[in-house]
Structure formats: structure tokens, C-alpha cells
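Going down the list, the protein sequences come from chains A and B.
In terms of the working numbering, the first sequence opens at residue 10 and continues consecutively.
In terms of the working numbering, the second sequence opens at residue 2 and continues consecutively.
The beta carbon of each residue, even a glycine, is placed where N, CA and C say it ideally should be.
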Amino acid sequence: NAGVTQTPKFRVLKTGQSMTLLCAQDMNHEYMYWYRQDPGMGLRLIHYSVGEGTTAKGEVPDGYNVSRLKKQNFLLGLESAAPSQTSVYFCASGRLNSGANVLTFGAGSRLTVL
Amino acid sequence: GQSLEQPSEVTAVEGAIVQINCTYQTSGFYGLSWYQQHDGGAPTFLSYNALDGLEETGRFSSFLSRSDSYGYLLLQELQMKDSASYFCAVYNQGGKLIFGQGTELSVKP
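In C-alpha cells form, the structure reads like this:
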């Protein structure tokens, strides 16, 4: 039972390059989220999805795009990477349990933009 | 918009009790969650409150007052392994889940 899997775990990009982070979950969860974590900033929501084919903006969506073509996958794209996007990215998926949205997180993807 | 405030750090001794407070501002409030994160690893779910009152899960308890937009996480019988960052998070009816900036708990012997 893999839970939430993020690929890649590490990546170094040059300014202006593009890349896609993949998040896959095998728990049949409806909700999926992408967060970034920077020192002292906590977890900031980039984009999220409440079901297959849906996406919505979070707190810091600029410079990122997402897609949820399949229920189990949530892709985060950077079209033109900037040094300000250097961060640790966490994907999470969630289910409603007695009214609670309980998130399971992936291990994180560390991205460095030079 | 949504915002949450929690202390940046708390220190306590092994065996003691510590309370981490969280105040929030949001529309469409649905519930308040708590997560634990060790050394930048994957955050893990601890507790959730949708209604006013106390929820107890082993050594951890969480409290919510919807009228005060306030909650707290209570950790009892502190152990060294409880040293970690703790995040409160607000969930709204649209599915958005926003986290606070986290409280770093240091447990001393």
C-alpha cells in the first residue's frame, strides 16, 4: 500500500526551464492538494482539486499550473521556473471522515532553481 | 481570505503538559485540524474538531471554540519524540485546507 507517491524527490533546474511534479495516490481519495514549504513559512497551498477533472487556486498559485485528468494523479507544472520557486513541495490526498478532511502527505519533492 | 496564527515555538520538559494555541479567520468554516511534522518529513494527521469542545486521542487532545475562532492542541506526558513542528489547519466547505505557519515544540530532558 504505497499511499501518496511524489516524483521526482529531488530536482535542480535552471531559471526559465519547465518541469512537472507528479503525485499519485492509491487510496481512491477525492481531494488532492499541492503545498510548498519554505523555512518559517509553514505549508502554503498552491492548488487543489476536489475531484477528477476539477482544480482550484490556493494561496500562492502564480507561476504554477495543475491538472487532474485521472482521479489518482495530480500534476503540478512549472512553465518557466524562477529562483523564488526553490522550495520543498508536498502533495496530499484527502478523504472525508466524519466530516473531517484527513490528509495523507507524500514524502516531498525538493526543487532548486538556479 | 483565510489566516491562522499560532506561536512560532514552545519549549517544555519531558513528562509535562503543553498547549499550542491557534486562532483563525476564515469564511465557510468547516473544521480545524492538527498535523505533526518531524524534521521536514511528511506531515501526519493528529486530530480534528468540527464542533465546539474537546476531542481526545491518547496523549493528545484538541479543543475548538467556533464562537471565538480559537482552538488548541494539548499534549500530555511529553516525550522526547514529541519534539516536532505542529500545524493547525482550517478546512472550509469548498474543500480548501489552509495551514498555519507551525509551532516548533522542543522537549527537554
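> What three-state label does DSSP hand A:M36 in the structure shown?
Replying inline: In the first sequence, residue 36 of chain A corresponds to position 27, counting from 1. Note: A:M36 maps to coil in three-state DSSP.
> Pick from A:E61, A:T16, A:K18, A:Y73: whose alpha carbon is nearest that of A:Q81?
Replying inline: Along the first sequence, one-based indexing puts residue 81 of chain A at 72. Comparing Cα-Cα distances from A:Q81 to each of A:E61, A:T16, A:K18, A:Y73, the minimum goes to A:E61.
>> Counting C-beta neighbours from all protein chains within 10 Å, is the total for A:V75 16 or more, i.e. buried, or is it exposed?
In response: As a first step, residue 75 of chain A must be located in the first sequence, where it is residue number 66. With 16 or more Cβ atoms within 10 Å of its Cβ, A:V75 is classed as buried.
>> Can you give me the C-alpha to C-alpha distance between A:T28 and A:L52, rounded to a whole angstrom?
In response: Taking the first sequence and counting its residues from 1, the one referred to as residue 28 of chain A is at position 19. Taking the first sequence and counting its residues from 1, the one referred to as residue 52 of chain A is at position 43. Just to set this straight, residue 28 of chain A is Met in the shown sequence, not Thr. Distance between the alpha carbons of A:M28 and A:L52 is about 21 Å.
> Taking the continuous beta strand (DSSP E) assigned at B:S62, which residues delimit it?
Replying inline: Against the second sequence, residue 62 of chain B aligns to sequence position 61. 61 to 66 is the span of the beta strand (DSSP E), which, as asked, contains B:S62.
>> Rounding to the nearest angstrom, what Cα-Cα distance links B:N22 and B:Y71 in this structure?
In response: As a position in the second sequence, residue 22 of chain B is number 21, starting the count at 1. As a position in the second sequence, residue 71 of chain B is number 70, starting the count at 1. Cα to Cα, B:N22 sits roughly 7 Å from B:Y71.
> Which residue or residues does DSSP assign as beta-bridge partners of A:R104?
Replying inline: As a working mapping, residue 104 of chain A is identified with position 95 in the first sequence. Beta-bridge pairing links A:R104 to A:V111.
>> Taking the straight line between their C-alpha atoms, what separation do you get for A:Y57 and A:Y42?
In response: Within the first sequence, residue 57 of chain A is the residue found at index 48, counting from 1. Within the first sequence, residue 42 of chain A is the residue found at index 33, counting from 1. If I take the Cα positions, the gap works out to 4 Å.
> At what residues does the beta strand (DSSP E) containing A:R77 begin and finish?
Replying inline: Stepping through the first sequence from its first residue, residue 77 of chain A is reached at position 68. Per DSSP, A:R77 belongs to no beta strand (DSSP E) and is neither H nor E.
>> One question on the structure: do B:K109 and B:T12 come within less than 8 Å of each other, judged by their Cβ atoms?
In response: Translated into positions along the second sequence, residue 109 of chain B becomes position 108. Translated into positions along the second sequence, residue 12 of chain B becomes position 11. Result yes, Cβ atoms of B:K109 and B:T12 sit closer than 8 Å.
> Could one say the Cβ of B:P44 lies closer than 8 Å to chain A's Cβ atoms, at least one of them?
Replying inline: For the purposes of this step, residue 44 of chain B is identified with residue 43 of the second sequence, where counting begins at 1. At least one chain A Cβ lies under 8 Å of B:P44.
>> Give me, in chain order, the residues of the same chain whose beta-carbon lies closer than 6 Å to that of A:L138; leave out the 5 immediate sequence neighbours on both sides.
In response: Absent from the structure is residue 138 of chain A, since the part of chain A shown begins at 10 and ends at 123.
> A:Y40 versus chain B: which residues are under 7 Å apart at the beta carbon?
Replying inline: To locate residue 40 of chain A, count along the first sequence from 1; it is residue 31. Within 7 Å Cβ-Cβ: G96.
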